[in-house]
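Down below is the structure, laid out as structure tokens.
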Amino acid sequence: MAQEFNSQTLKEKASELGCHKVGIVSISQWQNKAQISARPLQAWLNQGYHADMAWMNDPRRQDIYQVMPDVRSIICVGINYYTPQQRPSEPEYAKISRYGWGRDYHRVVGRRIKALALWMQEQDPQAQVRYYVDTGPVQDKVWAERAGLGWIGKHSNLISRDYGSWLFLGEILTNLDWEPDRPHTQHCGSCTRCMTACPTDAIREPFVVDANRCIAYHTIENREATLPKQIAENLQGWVAGCDICQDVCPWNQRFAQETDIPDFQPYPENVAPTLTELATLSVSERDRRFRASALRRIKLEMLQRNATASLKANAQGAKLSKTQYHLHEPPPLLPDESPIESD
Ligand code: B12
Ligand code: SF4
Ligand code: SF4
């Protein structure tokens, strides 16, 4: 007998394929709100907070129908990438953010949602599907929040109750109708730890990150030969992304769980490389170390630039790391007073 094809079996299949979170958005439910939701993104662009990421200005990002005219639902998935290794705190070490420790998430997540999309088409040959993992003009976090995967925290990343914010997000757009999930509620409460810990004050107001000030932007996206002085002086050893606002978040400190996906285990040399070795990294050594890693998207000269800037800041006596200060505090109370029950 043919397997039933409904939102329940779809979710079971997603879980079987290794998706840790899955939820569904019905587009018709958001038709008016979808237009309203474009406003925060447009406001962000108007402020110039996208820095040199001109591709963020793609009009399709603000109108899901331009991405897929027949879209009726979005199936959102979250994949846990947390592993428990800790970086050494001594200043000679370079810091690579967790997203880049293991195999490239575009491949790892992409493989899973592609399999789910193909399975959907096997169940219903009329199904149209398009899938993305940060690979198209789709607002991954916004749809994931609406699909009930978690809420967008003040650091602007999506946080789930079960895994914190260590989730990669992906989605399948489809012409099929499904029973939607409820959007997630907010659980940051009055907490502002991420905002206080950010060494460059990039979180300009709750939920709004100015890329011009963000270490993640400058280490991953900025292709200039030198970094702005304000960033270079406050790098705190970060050479590829920045996890400070996520490391200090009470939800991550309490609820992070080790991933069951072996591909996300760190390559051995990614957790504690020294700044000196990265500042002088050769092409062949880069190719060997970062095979099939998301870090291959950072040009070698950028990696060298980032490491060199941190070495220089160390030599000039960089300021006390706000992160280390926070991480040595006792585990904080959750911002939300009744985190498990309230929803
Ligand atoms: C551009 C981009 C960046 C830029 C800009 C970051 C940013 N915050 O926008 C840079 C290069 C700095 C960056 C850095 C990082 N990124 Co990035 N990035 C993206 C990308 C491509 C688009 C995000 C976007 O739309 N930004 C535009 C602004 C307007 O949107 P926003 O910050 O999300 O703001 C929304 C909400 O805050 C909300 N909002 C605004 N005001 C208010 C007010 C209230 C009350 C509420 C509730 C909501 C709300 O509305 C806005 C949407 O319109 C997505 C992939 C994708 N296709 O979506 C990945 C993505 C967001 N990045 C991701 C990751 C992992 C990171 C890093 C953690 C990597 C690292 N370790 O260095 C850092 C985190 C830095 C940070 N604090 O944001 C993941 C996040 C996963 C998650 N759990 O949320 C994504 C989703 C990729 C993926 N598919 O997994 N990133
Ligand atoms: S990633 Fe780093 S620099 Fe960017 S907002 Fe978070 S703490 Fe600030
Ligand atoms: S640190 Fe606090 S304010 Fe920031 S995202 Fe986490 S709970 Fe929200």
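For the sequence shown, the working numbering assigns the number 42 to the initial residue and increments by one for each residue that follows. All C-beta atoms in this analysis are idealised placements derived from N, C-alpha and C, irrespective of residue type, glycine included.
Checklist entry - Of the choices Val108, Leu159 and His196, whose alpha-carbon is the least far from that of Cys412? => result With the chain represented from 42 up to 384, any question about residue 412 goes unanswered, as that position is not in the structure.
Checklist entry - Closer than 6 Å: is that where the CB of Cys239 sits relative to any heavy atom of ligand 2? => result yes
Checklist entry - Mapping DSSP to helix, strand and coil, what is Lys54? => result helix
Checklist entry - When DSSP labels each residue in this structure, what does His61 get in the three-state scheme? => result In the structure shown, His61 adopts coil according to DSSP, grouped into three states.
Next on the checklist: Give me, in chain order, the residues of the same chain whose beta-carbon lies closer than 6 Å to that of Asn311; leave out the 5 immediate sequence neighbours on both sides.
Outcome noted: Answer for Asn311: Ile137 and Trp142, listed in chain order.
Checklist entry - Which residue comes first and which comes last in the beta strand (DSSP E) that contains Gly151? => result Taken as a continuous stretch (DSSP letters only), Gly151 belongs to no beta strand (DSSP E), being part of the alpha helix (DSSP H) at Tyr146 to Gln164.
Checklist entry - Is the segment 283 to 298 touching the segment 200 to 217 in the sense that three or more CB pairs, one from each, lie closer than 8 Å? => result yes
Next on the checklist: I need the boundaries of the alpha helix (DSSP H) containing Leu276, first residue and last residue.
Outcome noted: Here Leu276 belongs to no alpha helix (DSSP H), and DSSP marks it neither H nor E.
Checklist entry - Nearest CA to the CA of Leu51: which residue from His259, Ile116, Asp93 and Gln103? => result Ile116
Checklist entry - Using the rule of at least 16 other Cβ atoms within 10 Å of the residue's Cβ for burial, across every protein chain shown, is Trp85 buried or exposed? => result By the Cβ-count criterion, Trp85 is buried, with 16 or more other Cβ atoms from all chains shown falling within 10 Å of its own Cβ.
Item to check | Counted within 10 angstroms of its Cβ, other Cβ atoms place Gly64 as buried (16 or more) or exposed | outcome: buried
Checklist entry - According to DSSP, which residues form a beta bridge with Cys117? => result Gly64 and Glu212
Checklist entry - Helix, strand or coil: how does DSSP classify Ser201 here? => result strand
Next on the checklist: Runs of 4 residues minimum, wholly inside the segment 287 to 326: which ones carry the alpha helix (DSSP H) assignment?
Outcome noted: 291 to 296 and 316 to 320
Item to check | Contact set for Ile272: own chain, Cβ-Cβ below 7 Å, skip 5 residues either direction | outcome: Thr241, Ile256 and His259
Next on the checklist: From the DSSP secondary-structure annotation, give me the bridge partner or partners of Cys281.
Outcome noted: Note that residue 281 corresponds to Ala in the displayed sequence, not to Cys. Ile137.
Checklist entry - With 16 as the cutoff for other CB atoms within 10 Å, does Trp279 come out buried or exposed? => result buried
Next on the checklist: For Ala156, which residues in the same chain have their Cβ closer than 6 Å to its Cβ, ignoring the five residues on either side in sequence?
Outcome noted: For Ala156, where only same-chain residues beyond five positions count, the Cβ hits under 6 Å are Leu58.
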